[in-house]
Structure formats: C-alpha cells, structure tokens
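**Q** The structure's right below; bear with me while I get my questions together.
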Amino acid sequence: MLLELNLSHNELTGSIPASFKDLQSLSVIDLSYNDLEGPLPDSPFFRNASVESFVGNKGLCGHVRGFPLCGSSSRARIGGFKVVLVVVIPILGVLVFLSVSGVLLFCYKRRRNREKDEGVIREGQNSIWTAEEKISYEDIIKATDNFDETHWIGSGGYGNVYKAKLSSGLGVAVKKLHPLEGEQGLNEKTFMSEIKALTELRHRNIVKFYGSCLSPRSMFLVYEYVENGSLSAILRDGEAAMKLKWNERLSIIKDVANALSYMHHDCVPPIVHRDIRATMSC
C-alpha cells in the first residue's frame with residue numbers, strides 16, 4: 001500500500017499517468033521541479049493537493065488550485081483570434097472596396113475628362129462627342145455627300161468648310177482639315193492642339209463647337225452653323241452691302257474684337273487665332 005510518493009527533482013518528462021487517481025491510499029505526493037506537462041489526474045486527492053507538490057513543472061493543468069484548466073489558454077487564444085477575425089475582416093473588406101472604388105472612379109473621371117477636353121474620337125471609333133446629341137462619322141459623310149463641292153461654303157487656314165444638315169435637323173459647319181503629306185505625327189499633334197483650345201472656348205461671339213473626328217480616313221471639326229455666309233461675301237454683294245448699315249458694321253468689328261480679347265486675355269493659356277479674315281465662314 002503506497003502512502004507517500006516523492007519524485008521531485010528527477011527531471012521527469014511527459015504527463016502524469018491517469019492511473020494515479022486510483023491510488024486511494026496515497027496521502028502525500030511530491031512531483032515538484034520536473035518537466036511534467038499535461039492534465040493532473042482528476043481525483044479528490046489531487047484536487048486538494050498543495051500547489052507546492054507540483055511547483056517547477058511548466059506545463060501542468062487541471063482541476064487543481066493554482067493551475068489553469070486544461071485547454072483554457074488555447075480556447076482563449078482561439079476565441080481572441082475569432083474576435084480579431086470578426087473585427088478585422090470586415091474592416092479590410094471595406095478598405096479594399098473603397099480602394100478599388102476610388103481607383104475605378106479616378107480612372108472613369110480621367111477618361112471622361114480626357115474625352116470632354118479633347119472631344120476627339122480616334123481610329124476605330126466613329127462617334128463624335130457633343131453636348132446636344134450623338135453624331136456619327138457616317139452622319140457627317142452622308143450629310144455632306146462625302147464632302148462634295150456642292151456643300152462647300154468656304155476655306156480656312158487649315159481646311160475647307162462644308163455645310164451639313166443632319167437627319168435630326170441640326171445645321172452644322174464641318175471643317176475638314178488638310179492632310180500634311182509625310183507628316184502624320186505633326187498633323188495629329190496640330191489637330192489635338194486645336195481641339196483642346198476649342199473645348200475651352202465659351203463666348204457669345206464665338207460659334208459653338210460640337211465635336212470632332214480623328215480617323216485614318218479624315219479629320220474634321222464640327223461647329224454651329226451660322227446663316228448669311230462670310231462678311232466678305234456680303235460686302236461684295238452690292239444689294240447686301242447696301243443693307244448692311246455702318247452702325248451694324250461697327251457692331252461686327254466690336255464683336256470680333258471682343259472675341260479676340262477673350263481669347264487673348266481670358267483663356268489660359270492665351271489663344272492666338274492667326275487666321276482672321278473677312279472671307280472666313282468658320
């Protein structure tokens with residue numbers, strides 16, 4: 001019959017055998033200062049044993065005063081980890097959503113701004129951006145009979161101007177730019193520069209700009225069409241010139257001067273027209 005068991009300071013490892021709980025006659029036990037781990041036997045003797053009997057063992061647990069319950073720390077860690085997941089995952093999800101949304105919104109706005117500022121459709125795209133309606137490349141070709149001479153109304157420094165009436169009833173002036181043979185890069189650069197300048201113009205004495213097209217077939221600008229032709233044509237027509245009073249001529253000069261002043265002083269950067277003539281139709 002075993003009454004006392006002293007195994008202290010023996011460098012014992014592993015766990016205490018569960019069969020120790022069956023040692024009914026045991027009254028004293030000392031397993032201190034070993035390297036024991038795992039659960040202490042679940043019996044009245046071990047539950048009431050002194051903590052000093054097991055001191056010096058780092059991994060013991062069980063229903064004994066002074067020792068943690070077995071699995072409590074791991075459960076606490078798991079519970080804490082679950083709490084972290086519950087809190088962190090939604091926050092990360094929101095951050096990812098906001099980041100992706102921000103990037104998409106930035107790309108969308110930059111694309112819209114570029115389309116709005118340039119107002120130009122490149123190769124493979126035939127629609128022309130306009131605030132009023134959508135105009136296609138085919139609409140312009142059909143309305144001008146492929147830029148037939150019967151629709152010609154004048155010439156500017158960079159191209160010929162044609163009158164066109166769209167199927168919607170909108171009358172427009174189409175300025176078809178002259179190609180620069182062997183200098184396609186320069187030609188496109190010039191076109192893009194003019195588009196950028198036109199989209200920024202807002203003045204009552206400057207015709208409205210509707211849009212443009214840049215394609216391998218042609219490059220053209222679409223403006224508001226203003227009746228009565230050029231000033232030069234009116235002055236060369238004796239009857240029309242007689243009807244144009246001097247105060248009206250002075251008003252025309254003032255309107256042109258106001259438009260030029262706006263371009264020179266109110267636009268950033270300033271815009272220089274370089275081709276003001278009485279023969280201009282657009």
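Here full-length UniProt numbering is used: the first residue of the sequence shown is 1, the next is one more, and so on.
Idealized CB from N, CA, C, for every residue including glycine.
Remember, it's a predicted structure, so these values are computed and weren't measured experimentally.
Taking CB distances under 7 Å as the criterion, tell me whether residue 172 reaches chain D.
**A** In the structure shown, chain D does not exist; there is a single protein chain.
**Q** Residues bridged to residue 42 by DSSP?
**A** Looking at the DSSP assignment, residue 42 forms no beta bridge with any residue, so it has no partner.
**Q** Could you tell me whether the Cβ atoms of residue 158 and residue 147 are closer together than 7 Å?
**A** It is not a contact, given that the beta carbons lie outside the stated cut-off.
**Q** In the DSSP output, which residue or residues are listed as bridge partners for residue 30?
**A** The partner list for residue 30 (beta bridge, DSSP) reads 6.
**Q** I'd like the list of long-range same chain contacts for residue 13, defined as Cβ closer than 6 Å, with 5 residues on each side in sequence excluded.
**A** Only 35 meet the Cβ criterion.
**Q** Given that a residue counts as buried once 16 or more other Cβ atoms are within 10 Å of its Cβ, and exposed if not, what is residue 279?
**A** Burial call: exposed.
**Q** Tell me whether residue 91 is buried or exposed, calling it buried when 16 or more other Cβ atoms sit within 10 Å of its Cβ.
**A** Residue 91 is exposed by the Cβ-count criterion.
**Q** Would you call the stretch 253-271 and the stretch 207-223 in contact, with 3 or more CB pairs under 8 Å?
**A** No, because fewer than three Cβ pairs between the stretch 253-271 and the stretch 207-223 fall closer than 8 Å, the two stretches do not touch.
**Q** What does a CB cutoff of less than 8 Å around residue 123 pick up in its chain, not counting 5 residues either side in sequence?
**A** With a pLDDT of only 42 at residue 123, under the threshold of 50, the placement of this residue in the model should not be trusted, and no figure is reported.
**Q** Reducing DSSP to helix, strand and coil, say where residue 238 ends up.
**A** Residue state, collapsed to three classes: helix.
**Q** Give a yes or no on contact between the stretch 24-33 and the stretch 50-58, applying the rule of three or more CB pairs nearer than 8 Å.
**A** Judged by Cβ distances under 8 Å, the stretch 24-33 makes contact with the stretch 50-58, as three or more pairs qualify.
**Q** Pull up the DSSP beta-bridge partners for residue 286, would you.
**A** Outside the shown range of the chain (1 to 282) lies residue 286, about which nothing can therefore be said.
**Q** Among the residues of its own chain, which have a CB less than 8 Å from the CB of residue 69, if the five just before and after it don't count?
**A** These residues qualify, in order along the chain: 61, 62 and 63.
**Q** Alpha carbon to alpha carbon, how far is residue 264 from residue 150?
**A** Approximately 36 Å, taken between the alpha carbons.
**Q** In chain order, what residues of the same chain lie with their CB nearer than 6 Å to the CB of residue 270, ignoring the 5 residues before and after it?
**A** Result list for residue 270: 264, in chain order.
**Q** Report the rounded CA-to-CA distance for residue 182 versus residue 143, giving the unit in angstroms.
**A** With a pLDDT of 46 at residue 182, under the threshold of 50, the modelled position of this residue cannot be trusted; read the value that follows with caution. One C-alpha to the other measures close to 30 Å.
**Q** Would you mind working out which of 28, 86 and 38 sits nearest residue 2, comparing C-alpha positions?
**A** The candidate whose alpha carbon is nearest that of residue 2 is 28.
**Q** How about residue 66 and residue 51: are their beta carbons less than 7 Å apart?
**A** Result yes, Cβ atoms of residue 66 and residue 51 sit closer than 7 Å.
**Q** Do you know how far the Cα of residue 200 is from the Cα of residue 186?
**A** Annotation note: pLDDT 46 at residue 186 (below 50); position unreliable, coordinate value reported separately. C-alpha separation (whole angstroms): 22 Å.
**Q** In whole angstroms, what separates the C-alpha of residue 20 from that of residue 9?
**A** About 19 Å.
**Q** Between the Cα of residue 6 and those of 26, 15, 22 and 18, spot the shortest distance and give me the residue it belongs to.
**A** With distances taken between Cα atoms, residue 6 lies closest to 26.
**Q** Just verifying my parser: in three-state terms, what is the DSSP assignment at residue 276?
**A** It is coil, neither helix nor strand.
**Q** According to the neighbour-count rule (16 or more other Cβ atoms, all chains shown, within 10 Å of its Cβ), is residue 44 buried or exposed?
**A** Classification for residue 44: exposed.
**Q** Please report the straight-line C-alpha distance between residue 37 and residue 24, rounded to a whole angstrom.
**A** Distance between the alpha carbons of residue 37 and residue 24 is about 23 Å.
**Q** Would residue 189 be called buried (16 or more neighbouring beta carbons within 10 Å of its own) or exposed?
**A** Label assigned to residue 189: exposed.
**Q** Considering only their Cβ atoms, is the gap separating residue 221 from residue 165 smaller than 7 Å?
**A** No.
**Q** Quickly, what does DSSP pair residue 152 with across the bridge? List them, please.
**A** Residue 152 is bridged to 162.
**Q** Taking the straight line between their C-alpha atoms, what separation do you get for residue 4 and residue 59?
**A** Looking at the two C-alpha atoms, the distance is approximately 23 Å.
**Q** Once DSSP output is grouped into helix, strand and coil, what is the label at residue 212?
**A** Here residue 212 sits in strand by DSSP.
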